[in-house]
Every structure is written in C-alpha cells, then in structure tokens.
Amino acid sequence: MEKVSVLKLSEKRVMDSEGVEMGVLHNIIAEAGTGALKELVVKPAEDLDTSKFRKEDEYIFIPFDAVKAIKDVIIVDSEKIRTRA
Amino acid sequence: MEIELSSLYGQDLYTDRGIRVGKIEDVTVDIKEKRISGLAVKNVNPNAFSVGKRKGVIIPYRWVTAIGDIVLIKHVKRRVMESETEEETERTKESK
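So the protein sequences, as listed, match chains A and B. Using this note's numbering, you'd call the opening residue of the first sequence number 1 and step up by one each time. Using this note's numbering, you'd call the opening residue of the second sequence number 86 and step up by one each time.
Here it is, written out as structure tokens:
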C-alpha cells in the first residue's frame with residue numbers, strides 16, 4: 001500500500017492540512033545515493049502565496065518531510081511548511 | 086547528488102559488468118520510508134533477466150550502484166524473476 005508509482009502521482013493535487021489547495025505535483029527530488037525522497041516539485045495554484053517557498057521557474061519546492069498522506073490527493077502538513085519559511 | 090525522479094524515465098539500465106538490463110519506465114516510492122523503493126524496467130534484455138510473458142521487472146533500488154547519464158545496478162546472475170519479487174529477493178539477500 002505504501003508503495004506508489006511515481007508516474008501515477010504526477011499531476012496529483014497537493015493540499016495542505018487546512019484544506020488549502022497548493023497546486024499539482026510536477027516532480028519529486030531524491031538523493032541518488034540513498035534513494036531518500038527530498039522534495040516535492042509543485043506547480044502552484046494561481047492564488048497560492050508562494051513567498052514562503054523556495055522557487056525555481058514556475059515551480060515551488062515542498063520538503064518531503066511535510067508530506068502527511070498520499071492517496072487520491074497529496075496532503076502536506078501546513079505547520080511544517082510554515083515553520084520552514 | 087540530487088535527481089528529479091522523472092529524469093529517470095526512459096534511461097537505460099545496465100549492470101556494473103556492462104550488461105544492458107532494460108529501460109526505466111517508472112519509479113516506485115515507499116511513502117512511509119520516504120525512499121525510492123524500486124525501478125520498473127521494460128524492454129528487458131532476456132540475457133539479463135528472464136521475464137517470461139511479463140512486461141517487465143521491478144528492480145529494488147538497493148541494487149542501484151550509480152546514477153549518471155545511465156543507471157548501473159549490481160550484477161546479478163541471470164535468474165527468473167516474477168514481476169514483483171522484491172520481497173523474495175530481499176529474503177534471499179538476507180539469508181546470505
């Protein structure tokens with residue numbers, strides 16, 4: 001159950017734990033040696049305040065540590081992404 | 086080195102003895118462990134893995150030794166693999 005195909009994850013919606021829509025998943029960054037997942041690369045929703053995220057081109061980066069659940073949507077802990085600002 | 090997982094799609098996979106294994110089609114991740122768990126490989130070279138009628142194999146990420154322009158895995162003897170024998174191969178590895 002916890003093993004997920006990355007192909008199926010792309011374009012999945014990303015929400016924070018308060019129900020705010022953050023955007024859609026574009027990619028995942030991993031450490032090549034260990035395979036540890038580092039960050040989600042997300043195409044932000046238009047009305048999202050992206051000032052507190054690391055940005056590159058049109059994408060924002062969300063630390064994978066903040067991910068709480070990945071099912072039909074991806075839920076990230078709003079506390080964790082806020083304290084990292 | 087950090088990699089974007091989508092950059093792995095379509096990359097060729099070789100063993101460290103230079104045998105072509107196949108082409109990476111997908112990556113599986115373990116959400117709980119926050120880790121890449123395996124590489125789904127298609128167009129499998131029958132000299133590397135016997136897959137029978139199955140479409141491909143899932144190579145455990147532990148086997149990966151290098152990721153650059155191509156991906157290398159530890160050389161394994163030609164063996165019959167189920168499409169999802171990750172658990173099984175894990176056991177055989179531990180029993181060594």
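For each residue, glycine too, the CB sits at the ideal point set by N, CA and C.
Can the beta-carbon of Ile144(B) be found less than 8 Å from the beta-carbon of Thr150(B)? Position 59 of the second sequence, counted from the first residue, corresponds to residue 144(B). Position 65 of the second sequence, counted from the first residue, corresponds to residue 150(B). Judged by their CB atoms, Ile144(B) and Thr150(B) are not nearer to each other than the 8 Å cut-off.
What residue range is occupied by the uninterrupted beta strand (DSSP E) comprising Val6(A)?
Stepping through the first sequence from its first residue, residue 6(A) is reached at position 6. Run containing Val6(A): none in the beta strand (DSSP E); it sits in the alpha helix (DSSP H), Val6 to Leu9.
Pair within 8 Å by beta-carbon distance, Val42(A) and Ile70(A): Stepping through the first sequence from its first residue, residue 42(A) is reached at position 42. Stepping through the first sequence from its first residue, residue 70(A) is reached at position 70. Remark: C-beta atoms of Val42(A) and Ile70(A) do not approach each other more closely than 8 Å.
Q.
Below 8 Å on C-beta distance, what does Glu2(A) contact in chain B?
A. Your numbering for residue 2(A) matches position 2 in the first sequence. Those are Asp115, Ile116, Lys117 and Glu118, listed as they occur along chain B.
- Query: Tell me which same chain residues have a C-beta within less than 8 Å of the C-beta of Ile81(A), skipping the five on either side of it?
  - Reply: One-based indexing of the first sequence puts residue 81(A) at position 81. Short of 8 Å from the beta carbon of Ile81(A), and not among the five residues preceding or following it, lie these beta carbons of its own chain, in chain order: Asp16, Lys52, Phe53, Ile62, Pro63 and Ala66.
Nearest chain B C-beta to Gly23(A) closer than 8 Å, yes or no? One-based indexing of the first sequence puts residue 23(A) at position 23. No, because no Cβ of chain B sits closer than 8 Å to the Cβ of Gly23(A).
Using beta carbons (cut-off 8 Å, strictly below), is Lys38(A) in contact with chain B?
On the first sequence, residue 38(A) is found 38 positions in, with the first residue counted as 1. Yes, contact with chain B.
ask   = Starting from Leu105(A) and walking both ways along the beta strand (DSSP E), at which residues does that stretch end?
value = Missing from the structure shown is residue 105(A); chain A here goes from 1 to 85 and no further.
* To do: Would you list, in chain order, the members of the stretch 135-150 of chain B that have their beta-carbon closer than 9 Å to a beta-carbon of chain A?
  => Residues are counted here when their Cβ sits less than 9 Å from a Cβ of chain A; for the stretch 135-150 of chain B these are Tyr146, Arg147 and Val149, given in chain order.
Could you please give the first and the last residue of the uninterrupted beta strand (DSSP E) stretch that includes His160(B)?
The residue given as residue 160(B) occupies position 75 in the second sequence. For His160(B), there is no enclosing beta strand (DSSP E), as DSSP marks it with neither H nor E.
### Task
Spell out a yes or no on whether the stretch 97-113 of chain B and the stretch 127-144 of chain B are touching, meaning 3 or more CB-CB pairs, one atom from each, closer than 8 Å.
The stretch 97-113 of chain B is in contact with the stretch 127-144 of chain B.
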